[in-house]
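K.L.:
Residue numbers (the numbering used here): 14 to 448.
Glycine included, C-beta positions come from ideal geometry on N, C-alpha and C.
Please find one structure pasted underneath; my questions will follow.
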């Protein structure tokens, strides 16, 4: 939904800096949070994450957590969907609820003068959602419409095929939104069960930034979250990687073939994560100047854009990339990606590439802290990744400490050209499935 005027003030709430003063807060009821106080504007951003996300769907109920999350703002307590919307708008508050593979995200923005009322309304959505039949039918229809659109999107198809091949029957191997058949069959009871499974106190991460102090935040959190179930569903097991190197072609009538490629990655808490992070930025960070962008786009014009990224998830780690190219040239582009993977694994990077990348990564990092909303979002992400509270201060030091030898060593161990798999959705010329 569109952010209201109060939320638009986020960008001006704090100066641009990475050395924000973070307070570690524990509520009287034991709920833990991080807080950055800023009383320059009468406005607060609150970010909540429930670990688990769509991976917690029960067997036979794929898409239930996604559908449940879409219903949280469609009526709660004594308020039906329209009544809830009127109450929220009357408070100039903004709420959003977003499911992902490993978390359900809740974002709230509210003015200080309406804080208590906004928190009470948000509590209704989290603790007392109605799940009315008409709301379920309406949101179900929206999900089905999205699935129908995704089925025509080559980029979405390439991602889904890659995940299915890489992770099989694990929740990571299928779309968290479900299938048309599974979504159509979801019952209200399954939605209620998904709510109990996903929104519980044993998996909460919280961050706040803005016009609120530690004591007030602690009381707010107990009132907001204290009545949720103590425990939710158990987390899924580790996802076993099932994909060998090679190419999978999915025939699809489109002039631009969509390609997803990847291999196993690296854990976020691995001691070599920062060298790997710098390595990926040089190889395929998505900026002009990265090796993949230079070779595939700038020198040969085979794509508008190409990039790679590290994706350490809760139950698996991958190194992924994506691009689109015409059916006539996609085979050449795949060969170039493989060659850059091989070259970087064998040779490492240059001193010039390393220094330029360090300058970019350290210089751009403070710009992320450009207001209450981004700050709260960064802080809650840090907690979920297990990062220390002083990470915004020490992060650039870790980047600066990466050496050429570090990058070369990590490149040799991490990059596996023979294990790189490509999923091509289109009608590529001269490219066929080999597995």
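Quick one: residues in its chain with C-beta nearer than 8 Å to the C-beta of residue 117, no 5 flanking neighbours on either side, listed in chain order?
P.N.:
Cβ within range, chain order: 62, 63, 65, 66, 78, 82, 110, 111, 211 and 212.
K.L.:
So who's on the other strand from residue 395, going by DSSP bridges?
P.N.:
For residue 395, which the question treats as bridged, DSSP gives no partner whatsoever.
K.L.:
Could you name the residues that DSSP lists as bridge partners for residue 143?
P.N.:
For residue 143, which the question treats as bridged, DSSP gives no partner whatsoever.
K.L.:
Which word fits residue 297, buried or exposed, when buried means at least 16 other C-beta atoms lie within 10 angstroms of its C-beta?
P.N.:
By the neighbour-count rule (16 or more Cβ atoms within 10 Å), residue 297 is buried.
K.L.:
Starting from residue 181, follow the alpha helix (DSSP H) in both directions and report where the run begins and ends.
P.N.:
Run containing residue 181: none; DSSP gives neither H nor E here.
K.L.:
For the candidate residues 391, 368 and 385, whose alpha-carbon lies nearest to that of residue 378?
P.N.:
Cα-wise, what sits closest to residue 378 is 391.
K.L.:
In whole angstroms, give me the CA-to-CA distance for residue 73 and residue 265.
P.N.:
Going by the C-alpha atoms only, they are around 29 Å apart.
K.L.:
Any idea what DSSP makes of residue 449, helix, strand or coil?
P.N.:
Beyond the ends of the chain as shown, which are 14 and 448, falls residue 449; an answer cannot be given.
K.L.:
So the candidates are 90, 56 and 319; which of them puts its Cα closest to the Cα of residue 145?
P.N.:
Ranking 90, 56 and 319 by Cα distance to residue 145 puts 90 first.
K.L.:
Once the 5 residues before and after residue 45 are set aside, which same chain residues still bring their CB inside 6 Å of it?
P.N.:
Answer for residue 45: 39, listed in chain order.
K.L.:
What number of angstroms, rounded off, separates the C-alpha of residue 216 from the C-alpha of residue 435?
P.N.:
Going by the C-alpha atoms only, they are around 35 Å apart.
K.L.:
Say the cut is 6 Å; is the CB of residue 74 nearer than that to a heavy atom of the ligand HEM?
P.N.:
You won't find the ligand HEM in this model; it holds no ligand whatsoever.
K.L.:
I want to know whether the segment 230-237 touches the segment 306-319 - three or more CB-CB distances under 8 Å.
P.N.:
Short answer: they don't touch.
K.L.:
Work out the CA separation of residue 115 and residue 414 for me, nearest whole Å.
P.N.:
Their Cα atoms are separated by approximately 31 Å.
K.L.:
Tell me whether the segment 335-349 and the segment 426-443 touch, counting them as touching only if at least three CB pairs, one residue from each stretch, are closer than 8 Å.
P.N.:
The answer is yes - the segment 426-443 touches the segment 335-349, with three or more Cβ pairs under 8 Å.
K.L.:
Determine the DSSP secondary structure at residue 26, reduced to helix, strand or coil.
P.N.:
At residue 26 the pLDDT is 36, less than 50, meaning the model places this residue with poor confidence and gives no usable figure here.
K.L.:
Output needed for residue 429: all residues of its chain with C-beta closer than 6 Å, excluding positions within five of it in sequence on either side, in chain order.
P.N.:
Counting only Cβ-Cβ distances below 6 Å, and skipping sequence neighbours, we find 276.
K.L.:
Give the single residue among 317, 424 and 292 whose Cα lies nearest to the Cα of residue 301.
P.N.:
Checked all of 317, 424 and 292; the closest Cα to residue 301 is 317.
K.L.:
Measure the beta-carbon distance from residue 450 to residue 164 and round it to whole angstroms, keeping in mind my assumption that it falls under 8 Å.
P.N.:
Nothing can be reported for residue 450: it is not among the residues displayed for the chain, which extend from 14 to 448.
K.L.:
Please state the DSSP three-state secondary structure of residue 208.
P.N.:
In the structure shown, residue 208 sits in a helix (DSSP, three-state: H, G or I).
K.L.:
As a quick exercise: from 427, 360 and 197, pick the residue whose alpha carbon is nearest that of residue 75.
P.N.:
Selected option, being the one with the closest Cα: 197.
K.L.:
For the segment 319-377, list the alpha helix (DSSP H) runs that are entirely contained and at least 4 residues long, ordered along the chain.
P.N.:
343-360 and 364-377, all fully within the segment 319-377.
K.L.:
Would you report the Cα separation of residue 405 and residue 398, rounded to the nearest angstrom?
P.N.:
Answer to the nearest angstrom: the Cα atoms are 13 Å apart.
K.L.:
Grouping DSSP H, G and I as helix and E and B as strand, with all else coil, what is residue 117?
P.N.:
Of the three classes helix, strand and coil, the one that applies to residue 117 here is strand, per DSSP.
K.L.:
Could you round the C-beta distance between residue 272 and residue 171 to whole angstroms and report it? I think they count as a contact, below 8 Å.
P.N.:
About 6 Å separates the two Cβ atoms, so the contact holds.
K.L.:
Between residue 33 and residue 220, which are expected to be in contact by the criterion C-beta below 8 Å, what is the C-beta distance as a whole number of angstroms?
P.N.:
That belief does not hold up - the Cβ atoms of residue 33 and residue 220 are roughly 11 Å apart, past 8 Å.
K.L.:
Please report the straight-line C-alpha distance between residue 167 and residue 181, rounded to a whole angstrom.
P.N.:
Distance between the alpha carbons of residue 167 and residue 181: 20 Å.
K.L.:
Using the beta-carbon count (16 or more within 10 Å), is residue 183 buried or exposed?
P.N.:
Buried: at least 16 other Cβ atoms inside 10 Å.
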